[in-house]
Amino acid sequence: MLISVVVPCYNEEAALPYFLREIKTVEAQMRTDFGCCFELLFVNDGSQDGTLKLLRQFAREEERVRYLSFSRNFGKEAAMFAGLQHAKGDYVVLMDADLQHPPAMLREMYQGLQSGEFDCVAARRKNRRGEPRLRSFLARQFYKLINRISDTEIVEGACDFRMMTRQMVDAILKMGEYNRFSKGIFSWVGFRTKWLPYENVERIAGETKWSFWSLLIYSIQGIVGFSTAPLALASVLGVVLCGISFLMVLYIIIKTLLFGDPVGGWPSLACMVMFMGGIQLFCMGILGQYLAKTYLETKHRPIYILAETDEESTCEEKTD
Ligand code: UDP
Ligand code: MG
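Structure below.
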């Protein structure tokens, strides 16, 4: 039984040595207890620090370490996709390099899959302790909104840390979309998932790569990727506003017949023009979002580009 551990790494020079040490401990235990072997597949997502050098060194020292290196930063989604494509294991694990995903949970995940009752065992954060208040609040609102407007269930607090069977991995690989939103993809492919709650852990070293804006853009990507409800919003608003304007026409006709037609009311007119303009631009913006994603999908660009792997290392001892 081979377990592939896929680890996306972007500027993780500081955390990687800790990660390797921890995962090796867990592997040793699982090898004696269950007789399974690990394959560690690191994906260097265009890091600017010494991550690649470190990965080359790991791969030279240990046979079970493999790595893929991108030609530039393509994002975590692309890194996970590449890792899944190149993983050879019967079970595949996705986990972060910063030890925020406790390797000790791999045992329980493995047992969950071995029981045959599940195809995927995934970790789920119990709470958002240690996170800014505003961010937690917005995150909760995001989950509420997307679950209301999307048919695909996006589980709150679910993270990418999970172990999957080969069958589920193959299903995920069939979804070759360019705009990837893993939380949606995992749920869309179905299969039986077991959730393991865990306490949020601080990252061991280095810094998070997610800013407030990148999270916001990612959430919009999630909504556009897994719901078309916003597109219907324009039609609904249009119908409602038509109804209101019809009533207003009736009101004005009756008022003119009864009281004559004194000119006035330009401020209210100006407000209405602004309001309508705002709504129209808003709806056009939504349309634009979907159009932009469609545009990018139709280009059929590769999700990532490899520059180097452990099998064809271009420069063994290159110094930066
Ligand atoms: N990551 C990546 N490419 C990126 C950003 C992040 O491969 O463009 C990796 C990163 O190295 C880490 C994982 O994705 O292993 C999670 O990133 P991070 O810890 O910054 O996110 P957080 O845990 O704060 O959500
Ligand atoms: Mg992290």
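Count along the sequence shown from 1, add 32, and you get the number used in our numbering. From the three backbone atoms N, C-alpha and C, an ideal C-beta is built for every residue, glycine too.
For C303, the enclosing alpha helix (DSSP H) stretches over residues W298 to T330. DSSP, reduced to helix, strand and coil, places R104 outside both helices and strands of the structure shown, so it counts as coil.
Excluding residues up to 5 positions away in sequence, P40, L100, A111, A114 and G115 lie with their Cβ nearer than 6 Å to the Cβ of V75 in the same chain.
C315 and A266 do touch by the CB rule: their CB atoms are close to 4 Å apart, below 8 Å. DSSP, reduced to helix, strand and coil, places K120 outside both helices and strands of the structure shown, so it counts as coil. Here the stretch 51-62 makes no contact with the stretch 245-253; the two share fewer than three CB pairs at distances below 8 Å. With contact defined as three or more Cβ pairs closer than 8 Å, the stretch 147-165 and the stretch 188-198 are in contact.
Its Cα nearest to that of F150, the residue R224 stands out among A129, M33, L301 and R224. Set against 7 Å, the gap from the CB of R161 to the closest heavy atom of the ligand MG is not smaller. Beta bridge pairing from DSSP links W227 with A154. Residues of the same chain with a CB within less than 7 Å of the CB of E45, apart from the 5 flanking positions on each side, are D81, G82, T83 and L86 in chain order.
Where A171 is concerned, the enclosing alpha helix (DSSP H) starts and stops at R165 to I181.
Bridge pairing for N211: absent [DSSP].
Under the Cβ criterion (8 Å, minimum of three pairs), the stretch 125-143 does not count as touching the stretch 164-176. K226 has its alpha-carbon roughly 18 Å from the corresponding atom of I35. Beyond the five residues adjoining it in sequence on each side, G144 comes within less than 8 Å, by CB distance, of F150, V153, M195, K226 and L228 in the same chain, given in chain order. Beta-bridge pairing by DSSP links S36 to E71 and V124.
Counting along the chain, the unbroken alpha helix (DSSP H) around M141 starts and ends at L138 to Q146. The nearest non-hydrogen atom of the ligand UDP is 7 Å or more from the C-beta of Y336. A heavy atom of the ligand MG is found nearer than 7 Å to the CB of T240.
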